[in-house]
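Asks: First, the structure itself, so that you have it in front of you.
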Ligand SMILES: *Cc1c(COP(=O)(O)O)cnc(C)c1O
C-alpha cells in the first residue's frame, strides 16, 4: 500500500466554479491556470474548464502542452516571452503575449509571421509590478500599432487591492483615463474584482483562485460566494500515542498535555506541502469530525488531537484542507493565503481526480 496521503481534485466543483464566474459577468473568461493550475494539474484543470474563452499561464512548455492537447481558445502568456526563441514558439502555437516592458517590444522583430500576434499591453495603474508607466503607455501603444507582427491589442492592468477595503477605485480611474484614448479590448479583473467590482469587467476577466473554490476575500467565505472546494488534501493516521499530563510531543515540545490525551500521528508533513508554521489548533477533520493540529509539523508527519474521538485510530482519514475544512482557515492560521497552500503541495503527493 502506498503512503496514504493524496490530493483529491473534484472536477465537477471546478466546472461549477467556472459557472459561478459566468453568472457574475458577461465578459469573456480567461481562466488562469498558472502554477500547474494552482497545484491542481494543468491538463486536468483545463479539461474541467474547457468552456472558458481563454487560458492564462506563464510557462511556454505548459502553453505548448495545452495547444497540443487540442485547446483552440486564446492562450495568454502572462509574463510574455523571454527571448527570440519563445517568439518563434508563440507564432508556431498561436499564443497571445503580454507585453510589459520595452525589451519585449524589441523582441517582436523576432516574430516570424505577419500580423498574427495578439498582444496584451500591460499598464501599471498602481500595483507597480509589471507594466508600462502611464506616461510610457502611448509610446508603447504606437510602437505596437506600427509593428508588422501585431494583430489585436488588448489593454490590461492588474489590481493590488481588489480583495481589500481599499478596492479598485484609484487604479480604475488611472486605467480608464488612459484607455479612453484607444479603441482596444480591455482586461482588468482578477477573481476579487470579478466578484466585487463589476465596473472592472471590461472585455475579458481573469479569474484564478475562485475557480479552485477559495474565496479571495478575508471577510467572505467561499461557501457564501457559492464556490465549492476543488482540492481536498487528505491522509491517514499511522500511529496513536497516549499522553499523560505533562507529556510533550514533537520537535521543540511545541505542545504539552495538561491532562491525559490521545493524539494521532498523520502521514503528512511540510515535505508534502503542509505549512510548517501552522500552530497548535489549526483546524482539520478526522473521519469527518472536527479536530485540530497539535505540536510542530515535521517533514513527513504531524499530530492531530483524538482525545474527543474515541472511535478514531490507525487508518482514520484525516482531512488537512478541502471538503469540510476550508483551506482559507488553514491558511489564515498558518499566516498565509490559500493560493500558497494550493501551489505548495509537493510532487510526491499523488493528485487524483
Ligand atoms: C494570477 C493572476 C490573476 C488571477 O488572480 P486571482 O486572484 O487568482 O483571481 C489574474 N491576472 C493576473 C495578471 C495574474 O497574474
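Numbering (the numbering used here), first residue to last: 2 to 354.
The C-beta atom is built at its ideal place from N, Cα and C for all residues, glycine as well.
Considering only the beta carbon of each residue, do residue 132 and residue 120 sit closer than 7 Å?
Replies: As a working mapping, residue 132 is identified with position 131 in the chain shown. As a working mapping, residue 120 is identified with position 119 in the chain shown. In this structure, residue 120 does not lie closer than 7 Å to residue 132 by Cβ.
Asks: Among the candidates 32, 350, 280 and 259, whose CA atom is the shortest distance from the CA of residue 308?
Replies: Reading the chain shown from its first residue, position 307 is the one you call residue 308. With distances taken between Cα atoms, residue 308 lies closest to 259.
Asks: Should residue 243 be labelled buried (16 or more other beta-carbon atoms within 10 Å of its own) or exposed?
Replies: If you number the chain shown from 1, residue 243 lands on position 242. Under this definition residue 243 is an exposed residue.
Asks: Report all residues for which the CB-ligand distance to some heavy atom of ligand 1 is below 7 Å; order them along the chain.
Replies: Those residues having their beta-carbon less than 7 Å away from any non-hydrogen atom of ligand 1 are, in chain order, 33, 35, 57, 79, 159, 191, 192, 193, 207, 208, 209, 210, 211, 217 and 340.
Asks: Going along the chain, which residues of its own chain have a beta-carbon closer than 7 Å to the beta-carbon of residue 126, five neighbours each way excluded?
Replies: Along the chain shown, read from residue 1 onward, the residue named residue 126 stands at position 125. If you ignore the 5 residues before and after residue 126, its C-beta comes within less than 7 Å of the C-beta of 158, 172, 175 and 176, all in its own chain and listed in chain order.
Asks: If you follow the beta strand (DSSP E) that residue 98 is in, where does it begin and where does it stop?
Replies: Reading the chain shown from its first residue, position 97 is the one you call residue 98. It spans 97 to 100 - the beta strand (DSSP E) in which residue 98 sits, taken as one unbroken run.
Asks: Could you check what DSSP says for residue 200 in three-state terms: helix, strand or coil?
Replies: To locate residue 200, count along the chain shown from 1; it is residue 199. Three-state DSSP puts residue 200 in a helix.
Asks: Give me whichever residues DSSP pairs with residue 234 in a beta bridge.
Replies: Start at 1 with the first residue of the chain shown, and residue 234 comes out as number 233. For residue 234, which the question treats as bridged, DSSP gives the partners 8 and 322.
Asks: Does the distance from the C-beta atom of residue 339 to that of residue 330 stay below 7 Å?
Replies: Within the chain shown, the letter at position 338 stands for residue 339. Within the chain shown, the letter at position 329 stands for residue 330. No; because the gap between Cβ atoms is not below 7 Å, this pair is not in contact.
Asks: Which whole-angstrom value is the C-beta distance of residue 1 and residue 251, which I expect to be below 8 Å?
Replies: Only positions 2 to 354 of the chain appear in the structure, and residue 1 is not among them; the question remains open.
Asks: If you run the structure through DSSP and keep just helix, strand and coil, what is residue 57?
Replies: Within the chain shown, numbered from 1, the residue matching residue 57 stands at position 56. Correct three-state label for residue 57: strand.
Asks: Whose C-alpha, out of 256, 128, 99 and 53, is nearest the C-alpha of residue 72?
Replies: Taking the chain shown and counting its residues from 1, one reaches residue 72 at position 71. Minimum Cα distance to residue 72 is reached at 53.
Asks: Compare the C-alpha of residue 373 against each of 269, 232, 116 and 81 and name the closest.
Replies: Residue numbering for the chain in the displayed model covers 2 to 354; residue 373 lies beyond these limits and cannot be assessed.
Asks: Can you tell me which of the three DSSP states residue 44 falls into?
Replies: Position 43 of the chain shown, counting from 1, holds the residue named residue 44. Here residue 44 sits in helix by DSSP.
Asks: Is it the case that the Cβ atoms of residue 347 and residue 274 are separated by a distance below 7 Å?
Replies: Taking the first residue of the chain shown as position 1, residue 347 is located at position 346. Taking the first residue of the chain shown as position 1, residue 274 is located at position 273. Yes, Cβ-Cβ distance for residue 347 and residue 274 is below 7 Å.
Asks: Let me check understanding here. Comparing Cα to Cα, which of 148, 103, 112 and 162 lies closest to residue 137?
Replies: Counting from one through the chain shown, the residue named residue 137 turns up at place 136. Checked all of 148, 103, 112 and 162; the closest Cα to residue 137 is 103.
Asks: If you run the structure through DSSP and keep just helix, strand and coil, what is residue 178?
Replies: One-based indexing of the chain shown puts residue 178 at position 177. Residue 178 falls in the helix class under three-state DSSP.
Asks: Roughly how many angstroms lie between the CA atoms of residue 101 and residue 34, to the nearest whole one?
Replies: Taking the first residue of the chain shown as 1, we reach residue 101 at position 100. Taking the first residue of the chain shown as 1, we reach residue 34 at position 33. Each residue's alpha carbon lies about 20 Å from the other.
Asks: Do the CB positions of residue 112 and residue 142 come within less than 7 Å of each other?
Replies: Against the chain shown, residue 112 aligns to sequence position 111. Against the chain shown, residue 142 aligns to sequence position 141. Not in contact: residue 112 and residue 142 (Cβ atoms no closer than 7 Å).
Asks: Cβ of residue 292 within 6 Å of any heavy atom in ligand 3?
Replies: By its list of ligands, the structure shown excludes ligand 3, since it contains just ligand 1.
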